[in-house]
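For reference, the structure is listed below as structure tokens.
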Amino acid sequence: KAGVTQTPRYLIKTRGQQVTLSCSPISGHRSVSWYQQTPGQGLQFLFEYFSETQRNKGNFPGRFSGRQFSNSRSEMNVSTLELGDSALYLCASSWSAGGEETQYFGPGTRLLVL
Amino acid sequence: GENVEQHPSTLSVQEGDSAVIKCTYSDSASNYFPWYKQELGKRPQLIIDIRSNVGEKKDQRIAVTLNKTAKHFSLHITETQPEDSAVYFCAAFPGGYGNKLVFGAGTILRVKS
Numbered sequence: 006k007a008g009v010t011q012t013p014r015y016l017i018k019t020r021g022q023q024v025t026l027s028c029s030p031i032s033g034h035r036s037v038s039w040y041q042q043t044p045g046q047g048l049q050f051l052f053e054y055f056s057e058t059q060r061n062k063g064n065f066p067g068r069f070s071g072r073q074f075s076n077s078r079s080e081m082n083v084s085t086l087e088l089g090d091s092a093l094y095l096c097a098s099s100w101s102a103g104g105e106e107t108q109y110f111g112p113g114t115r116l117l118v119l
Numbered sequence: 005g006e007n008v009e010q011h012p013s014t015l016s017v018q019e020g021d022s023a024v025i026k027c028t029y030s031d032s033a034s035n036y037f038p039w040y041k042q043e044l045g046k047r048p049q050l051i052i053d054i055r056s057n058v059g060e061k062k063d064q065r066i067a068v069t070l071n072k073t074a075k076h077f078s079l080h081i082t083e084t085q086p087e088d089s090a091v092y093f094c095a096a097f098p099g100g101y102g103n104k105l106v107f108g109a110g111t112i113l114r115v116k117s
């Protein structure tokens, strides 16, 4: 089985711009979770989608949004980028929702905001 | 909600020694505890997990123990090797609809050769 894939792998944007990141889960997985990883901050949960519905949301401002399509692929969008949004954005997929089954991570998208 | 604390934040050991990383959780309903290893520049990868109906699980040089009464679980790595150097994350899942996996802050493990 192919693993979780994320595109693009690297991205450079300037403040005020918006960005869309994509995540394709493992075939058959219906849950996709998104995390922000910055040095010293560990893995900060953004949101989780299951069967096209947002199941859970972390403590991030409304500039961060996401969606999931019928094929379980997910996108996250960050509008009005700030310098502090520079981070590695990871998505993880699992067969069931919530995390009671193994989550498999993608390689991440490294976003640099200038 | 669930809160997971992980200690130590950094750990240096000599090659061949053992390494132990400890995590505590707050929600007694938590029933699934995975451990992830993240090497520099790579994605987190599951190395071992344990469910609440089991007290210990081993996989070669890696073991995880769970103490539900004290609400803590630990990762044990024996005969450490330089390739064990990485960041390790513990996590806990409280169970039930609407909950999510909660991660610890991570431990940087350095194995010195």
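Those protein sequences? They're chains A and B, same order as listed. Letter by letter, the first sequence follows residues 6 to 119 in our numbering. Letter by letter, the second sequence follows residues 5 to 117 in our numbering. Every residue gets a Cβ at the ideal spot worked out from N, C-alpha and C, and that includes glycine.
Within 8 angstroms, strictly: CB atoms of residue i and residue j
| i | j | result |
| --- | --- | --- |
| Ser79 of chain A | Cys96 of chain A | yes |
| Gly108 of chain B | Val8 of chain B | yes |
| Ile31 of chain A | Ser98 of chain A | yes |
| Pro98 of chain B | Phe110 of chain A | no |
| Phe77 of chain B | Ile51 of chain B | no |
| Glu43 of chain B | Val115 of chain B | no |
| Leu48 of chain A | Gly63 of chain A | no |
| Ala90 of chain B | His80 of chain B | no |
| Thr73 of chain B | Tyr92 of chain B | no |
| Ser30 of chain B | Glu6 of chain B | yes |
| Leu86 of chain A | Arg115 of chain A | no |
| Gln108 of chain A | Ser27 of chain A | no |
Supposed close pair residue i, residue j - CB separation, criterion 8 angstroms
| i | j | result |
| --- | --- | --- |
| Gln23 of chain A | Val83 of chain A | 6 angstroms |
| Gln11 of chain A | Gly113 of chain A | 6 angstroms |
Local Cβ density within 10 Å of residue i, reported as buried at 16 or more and exposed below that
| i | result |
| --- | --- |
| Asn103 of chain B | buried |
| Ile17 of chain A | exposed |
| Ala96 of chain B | buried |
| Lys41 of chain B | buried |
| Pro38 of chain B | buried |
| Ser101 of chain A | exposed |
| Gln10 of chain B | buried |
| Ser29 of chain A | buried |
| Ser77 of chain A | buried |
| Gln42 of chain A | buried |
N-terminal and C-terminal residue of the beta strand (DSSP E) that residue i is part of
| i | result |
| --- | --- |
| Asn82 of chain A | 79 to 83 |
| Gly42 of chain A | As written in the sequence, residue 42 of chain A is Gln, which differs from the Gly given in the question. Per DSSP, Gln42 of chain A belongs to the beta strand (DSSP E) from 36 to 43. |
| Ile31 of chain A | Here Ile31 of chain A belongs to no beta strand (DSSP E), and DSSP marks it neither H nor E. |
| Gly2 of chain A | Since the first and last residues shown for chain A are 6 and 119, residue 2 of chain A lies out of range. |
| Gly99 of chain B | Segment: none, Gly99 of chain B is in no beta strand (DSSP E) and carries neither H nor E. |
| Trp100 of chain A | Where Trp100 of chain A is concerned, there is no enclosing beta strand (DSSP E), given that its DSSP letter is neither H nor E. |
| Leu70 of chain B | 66 to 71 |
| Asp31 of chain B | That residue, Asp31 of chain B, is in no beta strand (DSSP E); it is neither H nor E in DSSP. |
| Leu50 of chain B | 49 to 55 |
| Gln23 of chain A | Note, Gln23 of chain A: premise wrong, no beta strand (DSSP E); not H, not E. |
| Arg60 of chain A | 58 to 62 |
| Gln11 of chain A | 10 to 12 |
| Asp63 of chain B | 60 to 63 |
Proximity winner among the options, relative to residue i (alpha-carbon distances)
| i | options | result |
| --- | --- | --- |
| Leu113 of chain B | B:Phe97, B:Pro98, B:Val58, B:Thr82 | B:Thr82 |
| Gly59 of chain B | B:Ile51, B:Asp53, B:Thr69 | B:Thr69 |
| Arg130 of chain B | B:Gln85, B:Gly5, B:Ser34 | The displayed coordinates of chain B run from 5 to 117. Any statement about residue 130 of chain B would go beyond what the structure contains. |
| Tyr54 of chain A | A:Pro66, A:Tyr40, A:Ser91 | A:Tyr40 |
| Ser91 of chain A | A:Asn61, A:Arg35, A:Ser27, A:Tyr15 | A:Tyr15 |
| Gly8 of chain A | A:Leu26, A:Thr19, A:Gly33 | A:Gly33 |
| Arg20 of chain A | A:Arg68, A:Ser56, A:Gln73 | A:Arg68 |
| Gln46 of chain A | B:Asp88, B:Asn71, B:Ser13 | B:Ser13 |
| Phe65 of chain A | A:Met81, A:Pro44, A:Arg35, A:Thr107 | A:Met81 |
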